[in-house]
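Student: Structure incoming, see below.
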Amino acid sequence: PGMSCQVGMGNADYVAAFLHLLLPLAFEFDPELVLVSAGFDSAIGDPEGQMQATPECFAHLTQLLQVLAGGRVCAVLEGGYHLESLAESVCMTVQTLLGDPAPPLSGPMAPCQSALESIQSARAAQAPHWKSLQQQDVTAVPMSPSSHSPEGRPPPLLPGGPVCKAAASAPSSLLDQPCLCPAPSVRTAVALTTPDITLVLPPDVIQQEASALREETEAWARPHESLAREEALTALGKLLYLLDGMLDGQVNSGIAATPASAAAATLDVAVRRGLSHGAQRLLCVALGQLDRPPDLAHDGRSLWLNIRGKEAAALSMFHVSTPLPVMTGGFLSCILGLVLPLAYGFQPDLVLVALGPGHGLQGPHAALLAAMLRGLAGGRVLALLEERTSRP
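In terms of UniProt numbering, the sequence shown opens at residue 1 and continues consecutively.
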């Protein structure tokens, strides 16, 4: 995270530095190439850095950088002093560059007080020079440790202290079992209501034609009048088949189209199907007039984030509603300052992104949102689009 940070910084601290400092500047600079001086002194167990970033953290940081410069990222190995940690961190970086999903991050995702202070100080110093840092208050006092550092967070490490020496001399238990996230056989599948043979797709994207069983589709559609029409029912069947493929590990990510009149009902079915068929924690990012189902439990298994929708009827940590920023760069600030911090804190294993009526997004904005959410849930991101926006 930078100067003045205590040793012992972990995954949450490095992710926070990327989201609130590095990426805003990088997007404003708009590079054509990203060069990474890939030193791993910050990796757990390193005797020089004395930090606690686990190997999978470097996969996430690399993936966040891949949204820049059209994905042209070059990582140049610099070094590291804990061979096991170095090897696994390099492996995670290379796998990400090759397109493999990032494994889930371990540990609490709340940055510590020292990291927050360093980030705020750097933002305040750079704000006069970068417009992206002028859109938020950089002089605000950071949150207190009691509200940002969960119980169980390791205490600050002292340079040369016994904890640091032990971490440097013995492999951490976190390194004993590498956290791998192999890519499914199908990277991305597209489910359209009517297959389009003229649609040109990238080599690693397939157009799905199969559907769930008719009886099963009708059972899920029965509570929703808007799903009674044949077109909506067909779209729902293809969505259910695609979602099952993602939950079974056969498909990594997907795009499904649905008639505009059935968008809210289809999203409701997708949420319930995901939670009942394997997803333990589901993040739904709904853009536009897509209301959260009133009977969806506030049990911590789902987080509903609505952009440009109605305000939540009742306060809940699992239902967040925000207007779409109108300022230049406002949508990017919303992603980096709200969507991703909440998403990383929630740590979902399935992400739904839905563009509903009145979402107000241009194509590049929607693509950016989906790309930046790829680091979550092992890349299991399902985008639900209105049928009229799914065709070129």
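Even for Gly, the Cβ is constructed at its ideal location relative to N, Cα and C.
Excluding five sequence neighbours on each side, which residues of the same chain lie with their C-beta closer than 6 angstroms to the C-beta of Leu-373?
Tutor: As a position in the sequence shown, residue 373 is number 373, starting the count at 1. Result list for Leu-373: Val-351, Val-381, in chain order.
Student: Assuming Glu-230 is part of the alpha helix (DSSP H), what are its boundary residues?
Tutor: Counted from its first residue, the sequence shown places residue 230 at position 230. Looking at the DSSP string, the run of the alpha helix (DSSP H) that includes Glu-230 is 230-247.
Student: Can you tell me whether Asp-268 is buried or exposed, with buried defined as 16 or more other CB within 10 angstroms of its CB?
Tutor: As a first step, residue 268 is located in the sequence shown; it is residue number 268 there, counting from the start. Asp-268 is buried by the Cβ-count criterion.
Student: On the three-state DSSP scale, how would you describe Ala-279?
Tutor: Sequence index remark: in the sequence shown, residue 279 carries index 279 (1-based). In this structure, Ala-279 counts as coil in the three-state DSSP scheme.
Student: With a threshold of 16 other CB atoms inside 10 Å of the CB of Leu-385, please say whether the residue is buried or exposed.
Tutor: Mapped onto the sequence shown, residue 385 falls at position 385. Answer is buried; the Cβ neighbour count reaches 16.
Student: For my contact list, Arg-308 and Gly-358 are in at a C-beta cut-off of 8 angstroms; report their separation, rounded to the angstrom.
Tutor: Counting from one through the sequence shown, the residue named residue 308 turns up at place 308. Counting from one through the sequence shown, the residue named residue 358 turns up at place 358. Contact flag correct, Cβ pair sits at about 7 angstroms.
Student: For Met-92, does the count of other Cβ atoms within 10 angstroms reach 16, so buried, or fall short, so exposed?
Tutor: To locate residue 92, count along the sequence shown from 1; it is residue 92. So Met-92 counts as buried.
Student: So Ala-286 and Gly-356 are supposed to be a Cβ contact under 8 angstroms. How far apart are they, rounded?
Tutor: Translated into the one-based positions of the sequence shown, residue 286 becomes position 286. Translated into the one-based positions of the sequence shown, residue 356 becomes position 356. Indeed they touch by this definition, with Cβ atoms about 6 angstroms apart.
Student: Put Arg-301 into one of helix, strand or coil per three-state DSSP.
Tutor: As a position in the sequence shown, residue 301 is number 301, starting the count at 1. In this structure, Arg-301 counts as coil in the three-state DSSP scheme.
Student: If we call anything under 8 angstroms between Cβ atoms a contact, is Pro-101 one with Ala-183?
Tutor: Here the question's residue 101 lines up with position 101 in the sequence shown. Here the question's residue 183 lines up with position 183 in the sequence shown. In this structure, the beta-carbon distance from Pro-101 to Ala-183 falls below 8 angstroms.
Student: My output table needs one value for Ser-37: the three-state DSSP class, helix, strand or coil.
Tutor: Within the sequence shown, residue 37 is the residue found at index 37, counting from 1. Ser-37: strand per DSSP, three-state reduction.
Student: In three-state DSSP terms, what is Glu-209?
Tutor: Taking the sequence shown and counting its residues from 1, one reaches residue 209 at position 209. Looking at Glu-209 - three-state DSSP - the assignment turns out to be coil, as it is neither helix nor strand.
Student: Name the residue from Ala-127, Gly-378, Gly-71, Tyr-81 whose alpha carbon lies nearest to the alpha carbon of Gly-249.
Tutor: Here residue 249 refers to the residue found at position 249 when the sequence shown is read from its first residue. Of Ala-127, Gly-378, Gly-71, Tyr-81, the residue nearest in Cα terms is Gly-378.
Student: Using the Cβ count rule (16 or more neighbours within 10 Å means buried), how would you classify Gly-363?
Tutor: The residue you call residue 363 lines up with position 363 of the sequence shown. By the 10 Å Cβ count, Gly-363 comes out exposed.
Student: Taking all protein chains shown into account, decide if Gly-80 is buried (16 or more other Cβ within 10 angstroms of its Cβ) or exposed.
Tutor: The sequence position of residue 80 within the sequence shown is 80, counting from 1. Here Gly-80 is buried: its Cβ has 16 or more other Cβ atoms, across all protein chains shown, within 10 Å.
Student: Going by Cα to Cα distance, which pick from Ala-26, Phe-27, Pro-55 is closest to Gly-39?
Tutor: Position 39 of the sequence shown, counting from 1, holds the residue named residue 39. Among Ala-26, Phe-27, Pro-55, the Cα nearest to that of Gly-39 belongs to Pro-55.
Student: How many angstroms separate the CA atom of Leu-340 from the CA atom of Ile-119?
Tutor: Position 340 of the sequence shown, counted from the first residue, corresponds to residue 340. Position 119 of the sequence shown, counted from the first residue, corresponds to residue 119. Each residue's alpha carbon lies about 16 angstroms from the other.
Student: Please name the residue in Leu-23, Leu-305, Arg-272 whose C-alpha comes closest to that of Gln-63.
Tutor: Residue mapping note: residue 63 aligns to position 63 of the sequence shown, counting from 1. When only C-alpha atoms are compared, the closest one is Leu-23.
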